[in-house]
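One structure is given below, encoded as structure tokens.
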Amino acid sequence: MITLTNPLTVLFWAGAFGSLLASRAIEGEVDIFLFAAGCILATLIFLSAVALIGHGLRNILRPPLIKRLGMAVGVVLMACGLLLAGRILVL
Numbered sequence: 062m063i064t065l066t067n068p069l070t071v072l073f074w075a076g077a078f079g080s081l082l083a084s085r086a087i088e089g090e091v092d093i094f095l096f097a098a099g100c101i102l103a104t105l106i107f108l109s110a111v112a113l114i115g116h117g118l119r120n121i122l123r124p125p126l127i128k129r130l131g132m133a134v135g136v137v138l139m140a141c142g143l144l145l146a147g148r149i150l151v152l
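Under my numbering, the final residue of the sequence shown carries the number 152; numbering is consecutive throughout.
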């Protein structure tokens with residue numbers, strides 16, 4: 062339910078459906094229904110798999126390791142941001 066009410070999710074899917082309809086990549090009610098059903102099914106399968114993997118790793122990932130992993134992800138994201146900012150400034 063949280064994913065369904067996330068504004069970014071709503072905008073993403075509105076854009077995906079809008080672009081497909083505008084490009085006439087899918088036409089007809091059946092094609093639209095099948096595409097929507099596939100998107101929903103793929104999302105449910107992916108999120109369920111992530112939840113199951115996370116549940117399985119709960120004994121391995123202790124708080125100190127999670128903290129280190131969070132810090133590592135933060136450093137990588139900051140580095141990517143700096144690289145992107147550098148490229149934008151060069152242009």
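Beta carbons: idealized from backbone N, C-alpha and C, even for Gly.
So residue i and residue j are in contact, right, with Cβ under 8 Å, and what is the actual spacing, rounded?
i: Phe96; j: Ile106; result: About 16 Å separates the two Cβ atoms, so there is no contact after all.
Starting from the Cα of residue i, find the closest Cα among the options and give me that residue.
i: Ala98; options: Leu145, Leu69, Gly147, Trp74; result: Trp74
i: Thr104; options: Thr70, Cys141, Ala140; result: Thr70
Contained alpha helix (DSSP H) runs [length at least 4] in the region 79–148, N- to C-terminal order = Inside the region 79–148, DSSP marks whole alpha helix (DSSP H) runs of 4 or more residues at positions 90–117, from first to last along the chain.
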